[in-house]
Structures are given as structure tokens and as C-alpha cells.
Amino acid sequence: MSKCSAPGKFILFGEHAVVFGKPAIAIAIDRRITTSVRRADEFMVNGYMMTRRHHAYISAALDQAWNGPPVAIDTVSEIPPGSGLGSSAAVSVSCVGALLSEKNGLDAERIARKAFEVECVVQGRASPTDTSTSAHGHGVLVSPERLDGFLWKVEKGERVWNIHHCDIPELTFVVGHTGIHAGTGPLVAKVNELVDGSGDARRAIDRIGELVLEGVESLRARDKAALGRLMTENHDLLNGLGVGHPALESLVEACTGRCYGAKMTGAGGGGSMIALTDDPVPVSDAITSAGGHAIIVKVGAEGVRAENA
Ligand code: MEV
Numbered sequence: 000m001s002k003c004s005a006p007g008k009f010i011l012f013g014e015h016a017v018v019f020g021k022p023a024i025a026i027a028i029d030r031r032i033t034t035s036v037r038r039a040d041e042f043m044v045n046g047y048m049m050t051r052r053h054h055a056y057i058s059a060a061l062d063q064a065w066n067g068p069p070v071a072i073d074t075v076s077e078i079p080p081g082s083g084l085g086s087s088a089a090v091s092v093s094c095v096g097a098l099l100s101e102k103n104g105l106d107a108e109r110i111a112r113k114a115f116e117v118e119c120v121v122q123g124r125a126s127p128t129d130t131s132t133s134a135h136g137h138g139v140l141v142s143p144e145r146l147d148g149f150l151w152k153v154e155k156g157e158r159v160w161n162i163h164h165c166d167i168p169e170l171t172f173v174v175g176h177t178g179i180h181a182g183t184g185p186l187v188a189k190v191n192e193l194v195d196g197s198g199d200a201r202r203a204i205d206r207i208g209e210l211v212l213e214g215v216e217s218l219r220a221r222d223k224a225a226l227g228r229l230m231t232e233n234h235d236l237l238n239g240l241g242v243g244h245p246a247l248e249s250l251v252e253a254c255t256g257r258c259y260g261a262k263m264t265g266a267g268g269g270g271s272m273i274a275l276t277d278d279p280v281p282v283s284d285a286i287t288s289a290g291g292h293a294i295i296v297k298v299g300a301e302g303v304r305a306e307n308a
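Following the numbering used here, the residues of the sequence shown are numbered contiguously, the last one being 308.
So, in C-alpha cells, the structure goes:
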């Protein structure tokens, strides 16, 4: 029997553009998925026979990290599925971690690589942002160039992503979940189509890439006003890429004037938004009044770790 947990995350800047090789910053949060693995007579997930259709991430994780006898896999999640908070990355990372730790200790880089392959198989096109953040924890800067704090490099086709540790100062974020489940794969495909056919969309991707690097400087300077302005700009650019949703817009609007800045986070199309604030309770109340589910999160959580089985 082995047991591992891995954190969810939110993307502070750069979602979607990162799939095209631009930089992004993601932050691990204090909401985790725990996966346990034990020998069994048949492959089971949470008490049910495993099927590829119903357990896409776990089946793909077994393909990547297991060629042994049948196992029963159980997951316990603190992360709403489809919320943009990295539940699929956390399930992939914790499952690969639990499967590999039957044989070896925990190696965050190896786990991150295999979990990225899991997301690619299930979602089609993906970047290693979510899986590397869940494996490493803390904050992660993904960039086409190798910079200070380098952890590992991930390559797929012509794309190269360098994964770096990113120090995250003490900041307070409120997550507002719309309750609308949006699949990442179709949204990534939609942006891909737009970028192929439109110069404006390509320019939006380029500008997102630039603002991520401005975000790195603002994080270093702990300049919350600048971070808030960049969040708002990133949100508007994502809306221009067609991944917004009216429910996200009403949560962002409800926070406006109560926080430094707010933006959708993750794939969009529903899912969640984040707001940066010093005063989380009124922001959380505003999100709830606008029909969202508010979570005040602690940032910079530990990455994949073994749990007592
Ligand atoms: C999803 O959390 C982030 C996206 O950029 C997709 C990815 O990076 O794989 C939309």
C-alpha cells in the first residue's frame, strides 16, 4: 500500500499562452488530492471497476507508471473538479507518485514528466505548467528560456518549457468558483484555432507572454498594485481569446474596487477566477453574493509528498 498527495494550483499569469511556448506563473495552493494504491484482484477506482471512459486520468497514469498486477486506487479530493484549480494535474501527480513510490522514493521531476504525459493523452494539447506546479509545489515560472531557479526542462514536439522555482511572497488570494465545469481540452483547441486564423489573437498571446515577465518583477518587488493591474490586463486578453464566460465576468465585476485586481484562472469557459486582496472577507462575501463559491486560499503549498499509508 502506498499513499501520496499533491496540491492544486492556480495560474497567476499566462494560461493558454503557455501552450504556445510563452511564459506563465502558477502557484500551488493548500487544497490537495490524496491517492492511495493497494494490491487487488482487479483494477478498481474508488470502489468501482476501472474504465478508461470514467477514469481517464487514472487509466493513463497506470499506462505511464505501472506494469504490475491489478491495483485498487482510491482518491480523496479537496479540489472541485473542472474548477481551474488543477484537479486533473493533482490527481495525475498524486496517482503517478503513489504508483512509483511502491518501487522508488519520490522524485518530483520524474513524477512531473509522467503526469504531463497523462494530461497530454487525456486532453490532447497541454503544457506542463499544472503538472510541474503540482509536483514541485510553491510557485513555478515556466519559460522558453532557462533562467535562475531552473528545475527541469520538458519538451514536446517543437515546444520547450523550462520549469523554474518561483518565490511567492505572502499574498492573499480569494478564489471564486463559478460552479460551471469546463473541459480544458476543448478550450485549448478553441484558442489554437483562433491563433491559427487571427493576427489579433497572436498579438494577444505575445502580450500575455510579456506581461508574465512584468509579473515576475512585480512579485520580486512585492508590488501588489502592479500585480493587480497585470491581472486585470491578463483577464481582458483572455476574454479576447474567447475563453471568458458571463458567470466569470460577474464574479470579476463583483470584486472590482474591493481588490488589487482579479482575473479568470486556468482554462476559463467557467471554472474559477482569483482576486488579490489584503482584506479577503469582503471579497469573499462579494463573490458569494454574485452567485460564486468563494475559497480563501493559502499560497505556496508543498508539492507531491508521501502520506502515511
Ligand atoms: C489550464 O490550467 C492551463 C492551460 O494553459 C492549459 C495548459 O497549460 O495545459 C489553459
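Quick reminder that beta carbons are idealized off the backbone N, C-alpha and C, glycines included. All values reported here derive from a predicted model rather than from experimental measurement.
Per DSSP, N233 has no beta bridge partner at all. As the crow flies, the alpha-carbon of D277 is around 16 Å from that of A220. With fewer than three CB-CB distances shorter than 8 Å, the stretch 13-23 does not count as touching the stretch 102-115. DSSP lists V139 as the beta-bridge partner residues of H164.
Here T50 is exposed, its C-beta having fewer than 16 other C-beta atoms within 10 Å. Rounded to whole angstroms, the Cβ separation of N233 and L210 is 6 Å, and the two are in contact under 8 Å.
Taking a contact to require three or more Cβ pairs closer than 8 Å, the stretch 248-257 and the stretch 281-290 qualify as touching. The beta carbon of H244 sits closer than 6 Å to those of G268 and G269, all from its chain and outside the five residues before and after it, given in chain order.
In the three-state reduction of the DSSP assignment, L99 falls in the helix class, which pools H, G and I. Distance from the CA of C258 to the CA of A274, rounded to the nearest whole angstrom, comes to 6 Å. L218 sits in a helix when the DSSP states are folded into three classes. Put simply, the backbone Cα of T74 is about 4 Å away from that of T34. Counting along the chain, the unbroken alpha helix (DSSP H) around S283 starts and ends at P279 to S288.
The secondary-structure analysis by DSSP pairs P185 with nothing; it has no beta-bridge partner. In the DSSP assignment, P245 falls within the alpha helix (DSSP H) that extends over P245 to C254.
Around the beta carbon of R145, a 10 Å sphere encloses fewer than 16 other beta carbons of the protein chains shown; the residue is thus reported as exposed.
Within a 10 Å sphere around the beta-carbon of D40 sit fewer than 16 other beta-carbons, which makes this residue exposed.
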